[in-house]
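In terms of this note's numbering, the first sequence is residues 1 to 486. Read through the structure below, which is laid out as structure tokens, and then see the notes.
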Amino acid sequence: MVMTHEHVLFWFRRDLRAKDNAGLAAALASAARVHCVFVFDRDILDPLEDRRDRRVEFIWHSLAELDRVLQQHGGGLCVLHAQAREAIPVLARALGVDAVFANHDYEPEAVARDETVRSALAGSGIAFRTFKDQVIFERDEVLTASGTPFSVFTPYKNAWLRRLTADDARAWPFAPRAGQLAPPAPASALPSLDVLGFTSGVLDLQALPAGASGAERMFEDFLSRIDRYHEARDYPAARGPSYLSVHLRFGTIPIRRLVREAWQRWQEGSRGAEVWLSELIWRDFYFQILAHHPRVVNESFKAEYEAIRWREDPEGFAAWCAGRTGYPIVDAAMRQLNQTGYMHNRLRMVAASFLTKHLLIDWRHGERYFAAKLNDYDLAANNGGWQWAASTGCDAQPYFRIFNPINQSQKFDPEGKFIRRYVPELARLSDADIHAPWLMKPVEARARSFELGRDYPAPIVEHAAARARALSAFKAIREGENSAAV
DNA sequence: TGAAATGTTGGGGCG
DNA sequence: ACGCCCCAACATTTC
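And the structure:
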């Protein structure tokens with residue numbers, strides 16, 4: 001084996017596992033000695049207002065496990081609480097490594113951070129090498145015949161599938177030689193959440209076991225259900241989805257493992273595996289969109305929709321955030337998010353449609369709220385999803401496609417099981433009335449001792465009128481276009 | 001990965 | 001037997 005580096009520092013970021021980690025495998029393949037570090041980055045954590053952040057706790061538990069695994073191989077994890085852009089070059093110099101290795105991070109702020117680190121390291125003669133790890137195909141690996149990036153999902157997916165080989169999804173080995181992993185200095189052990197300034201006990205580790213072992217357990221559980229994924233995934237009261245998004249976000253499970261399994265089962269005839277693989281491709285799609293169009297972070301992908309006259313409506317926004325819109329399925333969805341940090345995928349569409357169309361509130365407000373609350377928050381996917389729902393994105397739904405929250409509720413939560421779970425004040429209503437309690441007959445309401453406005457809010461907007469308002473706001477843009485062209 | 005409005009068809013009630 | 005109306009069921013188009 002050719003050793004191109006004597007000492008390497010491997011920097012974990014959103015790849016919190018030892019096994020099947022592209023950058024770590026590269027470090028082990030090329031260095032005599034490998035140090036491992038993770039930084040609780042103050043640039044990210046200090047601005048967080050909510051000190052009860054479930055994600056920090058998830059990371060903490062995942063790091064504890066990662067540290068144990070590294071220790072079993074004679075190494076261990078150095079954990080810092082600092083600004084990564086400064087701390088990494090300082091640590092690299094102190095350890096005397098000749099290279100720092102990490103996996104690619106595609107978010108614009110992370111790209112900027114990595115550039116800062118790269119030039120600081122270069123000033124000390126230390127190399128910075130990064131690797132593809134969190135996607136199957138990145139940036140320019142799947143392009144149209146004319147060499148341009150795709151902006152429509154279906155042709156992207158077809159090209160992605162044509163390009164996929166067993167090699168793209170193979171596992172990277174984790175097999176350090178004796179003495180290859182360096183143990184960290186005692187002073188750099190994992191600090192408690194308390195020391196980091198965060199509250200512990202906010203994450204339900206039964207429902208969401210952390211670390212690579214938690215991910216593996218959850219994946220095994222999903223594999224027992226994957227064949228029914230395509231039928232079950234739209235019903236929020238059912239256990240349809242994989243719930244692996246958090247693990248994908250923090251890299252406690254590698255995307256390659258999921259793709260290998262999904263592909264294999266699809267080939268064996270599983271329709272559920274085929275549909276689920278498609279969801280994994282959506283993830284690559286949005287990463288690729290963000291890499292090519294970083295401006296979507298703050299702007300509509302479709303520039304003309306920057307002209308939409310969104311409403312300023314602090315009360316409406318507050319009601320949406322709190323799950324008090326008076327539309328049971330929307331409120332149940334928002335309360336699920338607030339209580340657990342998770343929201344079912346169909347409900348993300350329903351809730352986002354309601355905010356951007358029914359309330360005509362700027363998608364950026366909703367995107368920021370989800371960013372603050374979602375355990376699986378990922379800039380690329382969250383932004384893509386919001387712009388899809390708002391009709392401002394690439395391959396977005398047409399603006400006139402407006403979800404009817406009552407129909408969606410009747411279709412996908414027919415017995416009101418999900419609503420009853422998160423909006424208990426509606427639990428005593430009948431299956432027929434629970435989707436739109438304001439339509440309940442007075443006799444029926446009295447029989448259930450239910451009073452609209454007292455027990456549950458009246459709808460903050462009327463569906464038909466809100467729909468018409470959204471249509472005309474979006475239509476105004478198109479007319480503006482036409483007159484500008486003339 | 002919609003929904004609503006509009007158009008078409010065909011059966012049944014009824015004079 | 002026939003025309004007429006109503007309306008459900010389905011198809012198409014429009015937003």
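The beta-carbon is built from N, C-alpha and C at its ideal position, and this holds for glycine as well.
Span of the beta strand (DSSP E), counted from its first residue to its last, around residue i
i, result
"Val-37", "31-41"
"Asn-103", "99-103"
CB contact flag (residue i, residue j, <8 Å)
i, j, result
"Ile-136", "Ala-169", "yes"
"Leu-290", "Asn-382", "no"
"Trp-518", "Leu-193", "No information on residue 518 is available, as it lies outside the stretch 1 to 486 that the chain covers here."
"Phe-101", "Gly-201", "no"
"Cys-394", "Ser-151", "yes"
"Gly-251", "Asp-15", "yes"
"Pro-149", "Leu-77", "no"
"Val-56", "Leu-196", "yes"
"Phe-285", "Phe-403", "no"
"Arg-428", "Arg-454", "no"
For residue i, three-class secondary structure by DSSP
i, result
"Leu-205", "coil"
"Val-79", "strand"
"Tyr-229", "helix"
"Asn-375", "coil"
"Val-486", "Because Val-486 sits at a pLDDT of 33, beneath the cut-off of 50, its placement in the model cannot be relied upon, and the following sentence gives the value as read from the coordinates. Correct three-state label for Val-486: coil."
"Leu-429", "coil"
"Thr-392", "coil"
"Pro-457", "coil"
"Leu-48", "coil"
"Phe-131", "strand"
"Leu-9", "strand"
"Pro-186", "helix"
"Lys-19", "coil"
"Leu-524", "Since the first and last residues shown for the chain are 1 and 486, residue 524 lies out of range."
"Leu-193", "helix"
"Leu-121", "helix"
"Leu-488", "Given that the chain is displayed from residue 1 to residue 486, the structure contains no residue 488 and the question cannot be resolved."
Cβ shell of residue i (< 7 Å), same chain only, five flanking positions each side left out
i, result
"Ala-485", "Because the pLDDT of Ala-485 is 39, which lies under 50, any placement of that residue in the model is unreliable, and the question is left without a value."
"Leu-488", "Shown here, the chain extends from 1 to 486; a query on residue 488 therefore has no answer."
"Leu-426", "Pro-328, Ile-419, Arg-420, Ile-434, Pro-437 and Tyr-456"
"Ala-458", "Gly-326, Trp-438 and Leu-452"
"Ile-226", "Arg-265, Ser-270, Gly-272, Ala-273 and Trp-276"
"Gly-341", "Arg-54, Lys-373, Leu-374 and Asn-375"
First through last residue of the alpha helix (DSSP H) which encompasses residue i
i, result
"Trp-276", "271-292"
"Leu-161", "153-163"
"Trp-266", "255-267"
"Phe-219", "211-223"
"Leu-347", "345-353"
"Phe-250", "245-250"
"Glu-86", "84-95"
"His-73", "Taken as a continuous stretch (DSSP letters only), His-73 belongs to no alpha helix (DSSP H), as it is neither H nor E."
"Arg-177", "Note, Arg-177: premise wrong, no alpha helix (DSSP H); not H, not E."
"Gly-402", "The question names Gly, yet the displayed sequence has Ile at residue 402. Neither: Ile-402 is in no alpha helix (DSSP H) and is coded neither H nor E."
"Tyr-422", "417-422"
"Pro-314", "314-322"
"Val-329", "Correcting the residue identity first, residue 329 is Ile in this sequence and not Val. It spans 328-340 - the alpha helix (DSSP H) in which Ile-329 sits, taken as one unbroken run."
Rounded straight-line distance, which links the Cα of residue j to that of residue i
i, j, result
"Leu-248", "Ala-445", "45 Å"
"Ala-175", "Asp-67", "16 Å"
"Val-461", "Leu-452", "15 Å"
"Leu-70", "Ser-188", "14 Å"
"Gly-179", "Val-37", "17 Å"
"Asp-20", "Phe-131", "13 Å"
"Phe-12", "Gly-75", "14 Å"
"Arg-335", "Arg-177", "49 Å"
"Glu-141", "Gly-214", "31 Å"
"Gln-134", "Ile-253", "10 Å"
"Pro-398", "Lys-357", "12 Å"
"Gly-316", "Trp-363", "14 Å"
"Glu-115", "Glu-86", "12 Å"
"Ala-464", "Gln-408", "15 Å"
"Ile-308", "Ala-237", "35 Å"
"His-73", "Leu-223", "30 Å"
"Tyr-422", "Ala-333", "8 Å"
Sequence-distant residues of its chain with Cβ nearer than 6 Å to residue i (five each side left out)
i, result
"Gln-83", "Arg-42 and Asp-43"
"Arg-271", "His-230"
"Glu-6", "Ala-32 and Asp-98"
"Phe-301", "Gln-387, Gly-393 and Cys-394"
"Leu-205", "none"
"Phe-287", "Tyr-106, Val-135 and Ala-380"
"Trp-320", "Leu-355"
"Ala-210", "Phe-58, His-61 and Ser-62"
Beta-carbon contacts of residue i that lie in its chain and below 8 Å, excluding the five residues immediately before and after
i, result
"Leu-121", "Ile-88, Pro-89, Ala-92, Val-100, Ala-127 and Phe-128"
"Arg-228", "Gly-240 and Gly-272"
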